[in-house]
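Here's the structure we're looking at; comments come further down.
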Amino acid sequence: MSWTFTSEQDLASTFATEINPFWQTSVTLGEFVGKDNIDVHYAWCIPETPKSTVVISSGRIESYLKYKELIFDLYQNGFAVFILDHRGQGLSGRMTHDPQHGYVADFADYVDDLITFVNDIVKPRQQGELQLLCHSMGGAIGALTLLRDPSLFDKAVLASPMFGIKPALPNWLANSLIKVGLSINKMKKRESGYFFGQTPYIAFPYALNKLTHSKNRYSLFRQLYDEERQIQLGGVTTEWLRAAQAAMNTIELNAAAITTRSLILSADGDSIIENKRQRRVAAKFPNAQVEIIPVAYHEVLTESDDIRDAALSTVFDFLSA
């Protein structure tokens, strides 16, 4: 099938003349109260006669505001779209004294929120198949959700899923560092603290970025986070890393039980995800198609046009089949 996508060329102009007006007129915003009274913010839009209903589970530090271009492309190609900001990031509520701490107590909390979102917000408006589209940390959340409720989604797409992270430390070393970090936080009587080497939000220049080859998309991402300072998020806390380690181990141990028909996109130039482990885990999915995206950095969905268009065509073909 032939699909139409926005281009990185003159993207700022496209935002001004097409994407932002679409956001104002066609997108509904809302929030619900998640576990432990954390506000979880979301957005949705439904075109006329949608092909299916797509739920987006985004990556770490991300907000739905960062997904405007992708949401626009999905909508223009006939997909209904629902997306939430995970607890502790984006526009959603924080659980720590420092709003920039990348924190969660347990990835099960993310899963609880996603299932609540689907059951309470998405399903009453669902048209066509219910499909999951994930990126990075959102892929780990998605995989855990598919394990908990195998019948919830008809299909799933996992782009650069977080089944392993760099640096790929031996478990004994990672666990030792986590224990030291937790002990320091306990000694200082604080509920969370950055893991070793982690800092508050830094807007790295394009030349140092390892997320995308698209200068325009990267610049607009950083501009958004400069303008909307409440969505800025710093590095990971020791507590988040402990929860992430547990989540990734659970996924690897139980990957063979994820039976939902899936498409897994592995970015060949990814310096965030440990691809060796990711692909080892992906190979255990009994009903998954794995596509390696040559050259691509971590953020396949915001890559340069040549990479992004090909990847999105694969995704849209899969969702519409």
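Sequential numbering of the sequence shown, starting at 51, is according to my numbering. Beta carbons are placed, not taken as given, at the ideal position from N, Cα and C, and that holds for glycine. Source: prediction; values computed, not measured.
query                                                                                                                                                                : result
May I ask you to list the residues that DSSP assigns as paired with H91?                                                                                             : E81
Grab me the residues of Q328's own chain with a C-beta within less than 7 Å of its C-beta, minus the 5 sequence neighbours each way, in chain order.                 : P211, F213, G214 and S316
Which residues does DSSP pair with S41 in a beta bridge?                                                                                                             : Outside the modelled stretch of the chain, which goes from 51 to 371, sits residue 41, for which no answer is possible.
Hey, out of Y153, V331 and K260, whose CA is closest to L283's CA?                                                                                                   : Y153
Do you know offhand how far L274's Cα is from W222's?                                                                                                                : 39 Å
What is the residue span of the beta strand (DSSP E) that Q328 lies within?                                                                                          : That residue, Q328, is in no beta strand (DSSP E); its alpha helix (DSSP H) goes N325 to A332.
Relative to the alpha-carbon of T249, which residue among L261, L79 and V286 has its alpha-carbon at the smallest distance?                                          : V286
Do G231 and T195 have their beta-carbon atoms positioned less than 7 Å apart in this structure?                                                                      : no
Contact check, K85 vs D170 under 8 Å by CB: the rounded distance?                                                                                                    : That pair is no contact at about 13 Å.
What does DSSP give as the partner residues of K216 in its beta bridges?                                                                                             : Partner(s): none; K216 has no beta bridge.
Would DSSP call F132 helix, strand or coil?                                                                                                                          : strand
Give the DSSP-derived three-state secondary structure of E179 in the structure shown.                                                                                : strand
Can you pull the DSSP bridge partners for G152?                                                                                                                      : V286
Residue range of the alpha helix (DSSP H) that H233 falls in?                                                                                                        : Looking at the sequence shown, residue 233 is not His but Ser. Unbroken alpha helix (DSSP H) run through S233: N221 to M237.
Can we say the region 100–113 touches the region 127–143, given the rule of at least three CB pairs closer than 8 Å?                                                 : yes
Report the residue ranges of all alpha helix (DSSP H) runs contained in full by the region 243–287; include only those spanning at least 4 residues, in chain order. : 265–277
For A296, which three-state DSSP category applies?                                                                                                                   : helix
On the CB-based measure, 16 or more other CB atoms within 10 Å of its CB, does A209 come out buried or exposed?                                                      : buried
Considering only residues of the same chain and omitting the five flanking positions on each side of F368, which have a CB-CB separation below 6 Å?                  : L313
Output needed for G319: all residues of its chain with C-beta closer than 6 Å, excluding positions within five of it in sequence on either side, in chain order.     : V345, A346 and Y347
For K205, which residues does DSSP report across the bridge?                                                                                                         : Q181 and R311
Following the continuous alpha helix (DSSP H) through T75, name the residue where it begins and the one where it ends.                                               : N70 to S76
Nearest by alpha-carbon distance to R330: which of T352, A257, N304 and S321 is it?                                                                                  : N304
I need the DSSP call for I191, collapsed to helix, strand or coil.                                                                                                   : helix
Give the secondary structure of T99 by DSSP, where H, G and I count as helix, E and B as strand, and everything else as coil.                                        : coil
Looking at F203: is its Cβ nearer than 7 Å to the Cβ of L180?                                                                                                        : yes
Helix, strand or coil: how does DSSP classify I322 here?                                                                                                             : coil
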